[in-house]
Every structure is written in C-alpha cells, then in structure tokens.
Amino acid sequence: MKKILIVLLLCMAIIPSMAFAEDAVRTPYREYAMGSQMFTFRAGPVIPAFFYRPWLDLSEGDRFVAFPDAMHMKVGGYGSIRYQGFLNSTLALGGELGYYFAYDIGDELFTSVPFQAKLTYIPLQGTFEIPLSVGLGLAYNSYSAGEKPSFLSLLATAEAGFSWYFKDDWGITLSTGLQLIPEILGPNHPYTTHTTFAGFMPITLSVTYRSN
Amino acid sequence: MDTKRTIRIAILLMIMLLSFISLGCNTENQGVFKRISESVIQVDVGSVDLIMKNGNKLYANTGKSGLQSFDTVTGDWASIPRSEDEAVYHYTSDGTVSTDGTAFIYATGGTGSATNDLYAYVPGTASSVDHTVDYQVIAMVPQHNLILRRTGTGGYAVTTIAGTDHVTFATEFSETIPPSIIASNPTDFIVTGKSADNSKFLHFFGSSKDALDSTDADFDDTALVAMGIDGTEIVVIDANGKTWQGETNDFVFDAGVSISGWPASRYPSDAPYPVFTEGTLLYLQDGNNDFQEITIADGIAASVSKTAKPFAARLANIAIKSYVRRGTDVYVGTMQNGIFWIDLSDFSSDSF
Numbered sequence: 001m002k003k004i005l006i007v008l009l010l011c012m013a014i015i016p017s018m019a020f021a022e023d024a025v026r027t028p029y030r031e032y033a034m035g036s037q038m039f040t041f042r043a044g045p046v047i048p049a050f051f052y053r054p055w056l057d058l059s060e061g062d063r064f065v066a067f068p069d070a071m072h073m074k075v076g077g078y079g080s081i082r083y084q085g086f087l088n089s090t091l092a093l094g095g096e097l098g099y100y101f102a103y104d105i106g107d108e109l110f111t112s113v114p115f116q117a118k119l120t121y122i123p124l125q126g127t128f129e130i131p132l133s134v135g136l137g138l139a140y141n142s143y144s145a146g147e148k149p150s151f152l153s154l155l156a157t158a159e160a161g162f163s164w165y166f167k168d169d170w171g172i173t174l175s176t177g178l179q180l181i182p183e184i185l186g187p188n189h190p191y192t193t194h195t196t197f198a199g200f201m202p203i204t205l206s207v208t209y210r211s212n
Numbered sequence: 213m214d215t216k217r218t219i220r221i222a223i224l225l226m227i228m229l230l231s232f233i234s235l236g237c238n239t240e241n242q243g244v245f246k247r248i249s250e251s252v253i254q255v256d257v258g259s260v261d262l263i264m265k266n267g268n269k270l271y272a273n274t275g276k277s278g279l280q281s282f283d284t285v286t287g288d289w290a291s292i293p294r295s296e297d298e299a300v301y302h303y304t305s306d307g308t309v310s311t312d313g314t315a316f317i318y319a320t321g322g323t324g325s326a327t328n329d330l331y332a333y334v335p336g337t338a339s340s341v342d343h344t345v346d347y348q349v350i351a352m353v354p355q356h357n358l359i360l361r362r363t364g365t366g367g368y369a370v371t372t373i374a375g376t377d378h379v380t381f382a383t384e385f386s387e388t389i390p391p392s393i394i395a396s397n398p399t400d401f402i403v404t405g406k407s408a409d410n411s412k413f414l415h416f417f418g419s420s421k422d423a424l425d426s427t428d429a430d431f432d433d434t435a436l437v438a439m440g441i442d443g444t445e446i447v448v449i450d451a452n453g454k455t456w457q458g459e460t461n462d463f464v465f466d467a468g469v470s471i472s473g474w475p476a477s478r479y480p481s482d483a484p485y486p487v488f489t490e491g492t493l494l495y496l497q498d499g500n501n502d503f504q505e506i507t508i509a510d511g512i513a514a515s516v517s518k519t520a521k522p523f524a525a526r527l528a529n530i531a532i533k534s535y536v537r538r539g540t541d542v543y544v545g546t547m548q549n550g551i552f553w554i555d556l557s558d559f560s561s562d563s564f
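Protein sequence lines, in the order shown, are assigned to chains A and B.
Just so it is clear: in the first sequence, position 60 is 60 by our numbering, and no numbers are missing.
Just so it is clear: in the second sequence, position 121 is 333 by our numbering, and no numbers are missing.
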C-alpha cells in the first residue's frame with residue numbers, strides 16, 4: 001500500500017512538471033498581440049430577414065415584413081474579403097469589401113457592394129475561437145427592374161462565429177449575423193413614406209490566415 | 213496640433229459621408245426595397261400584347277410563345293392552333309368595349325416592301341384560315357379593327373378586317389418613312405407621320421381626314437403616340453410625352469403640360485403608347501411605373517397628375533405592355549407578369 005502511495009505521489013509530482021516543461025517549449029495556442037494580422041475570405045447564402053417601413057401608409061402594405069416569402073425576395077449569396085490587424089490580444093480592427101446579390105420573386109436582381117470598417121472581439125481563443133464583430137460602412141445598392149435604380153446607403157453589421165484552427169495559421173469559421181441597409185428617402189422625396197430599413201442574415205463559411 | 217488635424221479629417225469625413233448619404237437620398241424612384249416587396253412572379257410567356265376577349269378567353273401575342281389564349285377562369289395559357297408557323301408581326305380584332313371579338317387577323321412575312329400574308333383566327337372554330345385578301349401592312353391597332361396599309365408609292369389607307377377603307381392618303385405622307393396609327397375605338401383614330409417632303413409631321417383624324425393643327429409649331433415636330441376622346445373633347449400625347457388638348461369641332465390643339473416620368477428612351481420613339489380611358493380621364497403608366505391621369509378637356513388648364521386610385525399601387529412594380537377594355541373591365545397585358553385586370557367600378561386590380 002505504501003509502495004502504491006509513493007508511486008502515485010511521484011506521478012503527481014512528475015506529470016505537472018512535464019506539462020510545464022511542454023509549456024516552456026511550445027505555446028498551446030496562438031496568442032494575438034498588437035500587430036497580429038488576419039486575412040479572411042468569406043462566402044455563403046444570405047437569408048432576407050426583414051423590411052421595416054416605419055412611415056408606410058398602411059393602405060400600401062405592412063410596415064414590418066419578415067423572411068423571403070413576405071419580402072418577395074429569394075435567398076441570395078454573399079462573398080467578401082477582410083483584413084484585420086490586432087489592437088491588443090483580443091480586439092482586431094480592419095476593413096471588409098463584399099458583394100451581395102439576391103433575386104426578387106420576379107427574377108429582378110438586387111445587388112449590394114458593402115465596404116465597412118470592422119471591429120472584432122475574440123473572447124475565447126485557441127484551437128477553437130469565438131469571434132464577435134460589428135461593422136459600419138457604406139453600401140452601393142442596385143436593382144435591375146424598371147429604370148434600374150441605385151443608391152448609396154449606410155451599412156451596419158453585427159455577427160458572431162465559431163472558428164476552428166486546423167493548423168496554427170489557418171482556420172475556418174462558420175458565422176452568422178445581421179446586415180442592416182437603410183434606404184432613407186428624405187422629407188422632400190415624393191415617396192418619403194417608403195423609407196425602409198432592410199435586414200439581411202448572411203450565413204458564411206470563412207477561411208482565415210493569421211500571422212504575427 | 214494633432215487635435216486640430218484630427219478635427220479637420222473628421223470634418224472632411226463627415227462632409228464625404230453626408231455627400232454619399234444625400235446622393236443615396238436623391239433618387240426619384242419609389243424606393244428599391246418597397247419595389248422588391250411588391251415584385252411579382254414572372255410568367256414565362258414574356259410580354260403580353262392583348263388582342264381581344266372572347267368569352268372566358270383573352271387572346272394575345274406573347275414575346276416568348278407567340279399567339280396564345282389565356283383562360284381567365286383556370287389561368288391556363290395555350291397556343292392557338294395555326295395553319296402556318298411563321299413569325300407574327302401585326303394583329304387586330306373585331307372586339308369592342310361593348311362586344312366580345314369574334315375573330316382576329318394577323319400578318320406574317322412581308323418584310324420591306326413585300327406583301328404580308330394575312331390569316332384569320334376564329335375562336336368559334338378554334339382554327340386559323342387564310343384571310344380573304346393580303347396587304348402590305350404598316351401597322352394594326354390590336355383591339356380596334358384597324359389596319360394601316362400601303363396602297364402604292366407613297367399611298368396609304370386605313371382598312372377594316374372586312375376590307376372597308378375608312379380613309380386613304382395618296383400623297384400626304386412620306387414614302388420612305390411610313391406613318392403610324394393610334395386609336396381610341398374603331399372609328400376615332402389618328403394617322404400620324406412625316407409629311408411627303410419629310411419636313412414636318414402631319415396628323416389626320418378618322419374617316420373624315422380632318423387635319424390636326426395648332427398655333428404652337430412644336431405640334432408638327434413629332435409623331436403622336438396616344439389619344440383619348442370624350443364626346444367632342446380630345447387629348448393627344450406626342451412622342452416626347454407632351455399633352456395637347458383640343459375639340460373635334462375644329463381640331464385646333466393647345467399645348468398642355470409634359471408628363472413627368474415619361475420614358476427617357478423608347479424604341480421606336482413614335483410607337484403607340486398603351487393607354488386606357490374612363491370617362492373624362494385618360495390613364496397611362498409612365499417610365500417609373502407610376503400611373504398618370506390626364507384630363508380629357510380642351511384648353512391648357514387640363515391637368516396631368518399621378519393617380520391615387522387603388523390599381524396604381526397594385527401595378528406599381530409591373531411594367532405594362534397593353535390594355536384591352538371590355539365593359540367595366542380593363543385587361544392588362546404586362547411585360548413579364550402575365551395578365552392583370554382593373555375593375556373600373558372601384559378601380560381595384562389584381563392578377564388572375
């Protein structure tokens with residue numbers, strides 16, 4: 001019994017010291033710091049989430065319509081490239097340029113080219129990470145119907161993801177969130193009541209390369 | 213110093229941002245997202261140029277499928293049986309506002325100076341047969357039994373399906389640039405086109421061949437593309453979207469206002485423009501898909517304004533190709549979305 005106890009005590013003493021020795025040689029996960037960088041390529045489907053028309057005359061339709069059937073908009077697609085540099089060990093700031101397309105039920109094409117500043121907070125880091133992002137920027141929007149109108153709008157985004165770094169430098173991320181595109185028709189516009197806040201929900205798969 | 217620089221950059225960025233936002237806000241369209249929310253499923257026959265109504269069926273020439281019938285009860289499209297298989301260029305029927313059409317004729321072949329082959333389709337027998345006579349067709353008015361045809365060098369005539377000439381033109385119009393025809397009904401029509409010396413446009417009304425005139429020289433500058441008539445009051449619209457009002461007792465027209473939102477480009481620019489009338493108002497869809505109502509009244513005080521009637525909102529995102537009126541129903545052929553109707557008793561509208 002004494003022999004067994006001695007062996008256990010020895011193991012308890014040796015194993016942690018082995019672990020610490022490993023720590024001293026190799027960090028178990030990438031630690032970000034000021035100057036670390038991430039390059040991300042993203043693509044995936046986009047679900048039309050809602051149109052909110054706060055001043056719409058009720059004789060012209062509902063003020064809030066949600067999801068593809070009610071919005072008369074099909075599921076579209078989004079692709080983008082993003083670059084971010086770390087401000088500290090958990091916050092990264094950068095920019096994203098994307099392209100979003102979706103058809104309405106009449107097969108007319110809506111496209112949007114968003115360009116935004118993006119701030120990402122990564123509270124959980126390691127082989128698996130959870131990036132949380134907010135973005136603010138502009139979007140150039142076009143519609144193929146009729147006189148082919150287009151307009152430049154503000155853009156706000158928020159998203160959350162789950163990343164797996166299968167190699168030290170390379171990882172993939174599944175993320176979703178909300179893109180908000182307001183179409184503001186000013187008080188002197190003949191259709192000012194058609195002012196719309198449009199929400200879209202991208203579900204994207206990203207490939208990220210990171211370097212220190 | 214750094215603070216001042218930061219403030220300067222911030223101000224510049226704000227100016228740029230506000231410029232961008234104001235750019236985005238200055239569009240004159242109805243709102244892209246509003247239009248998307250009103251989009252309508254495309255019908256795969258393409259554009260619908262309505263010809264006539266007979267019983268529960270509407271007949272049309274379609275952009276993708278040629279001559280078709282449409283069942284207003286079942287909503288089914290069907291190709292009409294034909295004795296030939298050539299491209300169709302012109303068509304007209306004997307239907308009126310108060311009676312169903314019993315037949316329509318259509319013209320095939322005959323490009324350039326050749327004579328067109330004419331065929332008649334009779335819904336009663338569901339068959340097409342050679343028409344009794346062939347013409348060199350310039351144009352037909354689909355729902356008003358009118359054929360504008362060439363009669364010889366520089367000569368033109370307006371003829372019915374039965375072969376009766378309403379009016380003939382021996383030397384009035386250009387030989388190289390044929391005139392066109394617009395109509396409100398089978399007897400109230402205008403032939404409009406370049407004069408024989410190509411120096412100006414001439415316009416003649418109906419079988420009486422009354423010349424339309426104006427003290428405003430602009431009246432002679434373009435072809436007329438639409439007309440509406442209510443008793444002795446008449447309104448016409450030129451190819452630039454300008455309205456002209458007059459009376460059928462003297463046919464002297466006053467310049468009215470131009471229609472805002474008139475399509476910036478049409479091809480050909482002097483092609484007839486789809487309109488329909490009800491009482492003292494003429495309705496048309498402008499280039500922004502808004503509906504304008506134009507008072508049919510003599511004098512420049514007649515108004516042009518966007519209509520607030522319910523059908524305008526229902527059809528706000530649908531480009532329209534043609535109308536056929538039967539009783540208090542106006543059937544609407546669209547560019548991509550099949551056929552709609554407008555009920556003139558309450559101005560409601562919907563698809564079939």
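Cβ coordinates follow ideal geometry from the N, Cα and C atoms, glycine included.
Contact between the segment 299-310 of chain B and the segment 263-273 of chain B is present, with at least three C-beta pairs closer than 8 Å.
Within chain A, the residues placing a beta-carbon under 9 Å from that of B:Arg247 are Asp104, Glu108, Tyr143, Ala145, Gly146, Pro149, His194, ordered along the chain. A direct Cα-to-Cα measurement between B:Gln497 and B:Phe503 gives close to 4 Å.
DSSP places B:Ser259 in the coil class of the three-state scheme, outside both helix and strand. Interface flag for B:Ile227 against chain A is unset, since no Cβ pair is found closer than 7 Å. Between the alpha carbons of A:Glu159 and B:Asp541 lies a distance of about 52 Å.
A residue is called buried when at least 16 other Cβ atoms come within 10 angstroms of its Cβ; A:Glu31 does not meet this threshold and is exposed. Between the segment 218-225 of chain B and the segment 40-59 of chain A, the count of Cβ pairs shorter than 8 Å is below three; the stretches do not touch. Chain order gives the chain B residues near A:Ala198 as Phe245, where near means a beta carbon separation below 8 Å. CA-to-CA, the gap between B:Ile223 and A:Gln179 works out to about 27 Å. Under the three-state reduction of DSSP, B:Ile373 is assigned to coil, being neither helix nor strand.
With a cut-off of 8 Å on Cβ pairs, the segment 390-400 of chain B is not in contact with the segment 336-344 of chain B, counting fewer than three such pairs.
Proximity of chain B to A:Gly61 at the Cβ level (cut-off 7 Å) is accounted for by Ser249, in chain order. Think of a sphere of 9 Å around the beta carbon of A:Tyr191: the chain B residues whose beta carbon falls inside it are Glu240, Asn241, Gln242, Gly243, Lys246, in chain order. For B:Val244, the enclosing alpha helix (DSSP H) starts and ends at 244-249. Residue pairing by DSSP places B:Glu296 in no beta bridge whatsoever. When the five nearest sequence neighbours on each side are left out, the beta carbons in the same chain lying within less than 7 Å of the beta carbon of B:Arg247 are those of Asn529, in order along the chain. With a threshold of 16 other beta carbon atoms within 10 Å, B:Trp289 meets it and is buried. Rounded to whole angstroms, the Cβ separation of A:Gly76 and A:Phe101 is 5 Å, and the two are in contact under 8 Å. The three-state secondary structure of A:Met38, taken from DSSP, is strand. Of all residues in the segment 65-98 of chain A, those with a C-beta nearer than 7 Å to a C-beta of chain B are Val65, Met71, His72, Met73, reading in chain order. Rounded to the nearest angstrom, the Cβ distance from B:Thr489 to B:Asn461 is 19 Å, too far for a contact under 8 Å. The way I'd put it, the segment 93-107 of chain A does touch the segment 66-73 of chain A; three or more beta-carbon pairs between them come closer than 8 Å. Annotated as distal: A:Asp69 and B:Gln254, with beta-carbon spacing of 7 Å or more. The three-state secondary structure of A:Lys118, taken from DSSP, is strand. Residues of the same chain with a CB within less than 6 Å of the CB of B:Thr519, apart from the 5 flanking positions on each side, are Phe503, Glu505 in chain order. Spanning the alpha carbons of A:Thr90 and B:Ser517 requires a straight line of approximately 60 Å. Only those residues of the segment 175-187 of chain A whose C-beta falls short of 7 Å from the nearest C-beta of chain B are listed: Glu183, Ile184, Leu185, Gly186. Each of B:Ser561, B:Ile446, B:Arg478 was checked against the Cα of B:Thr507, and the nearest Cα belongs to B:Ile446.
DSSP places B:Met352 inside the beta strand (DSSP E), whose first and last residues are 348-353.
Listed in chain order, the beta strand (DSSP E) runs fully inside the segment 447-495 of chain B are 454-459, 464-470, 488-490, counting runs of at least 3 residues. When only Cα atoms are considered, A:Ile130 and A:Leu124 end up about 5 Å apart.
When DSSP states are grouped into helix, strand and coil, B:Ala222 belongs to the helix group. Residue contact check for B:Ile253 against chain A: a CB pair falls below 7 Å. Counting other Cβ atoms within 10 Å of its Cβ, B:Glu296 stays below 16 and is therefore classed as exposed. Around the C-beta of A:Tyr209, fewer than 16 other C-beta atoms lie within 10 Å, and the residue is accordingly described as exposed.
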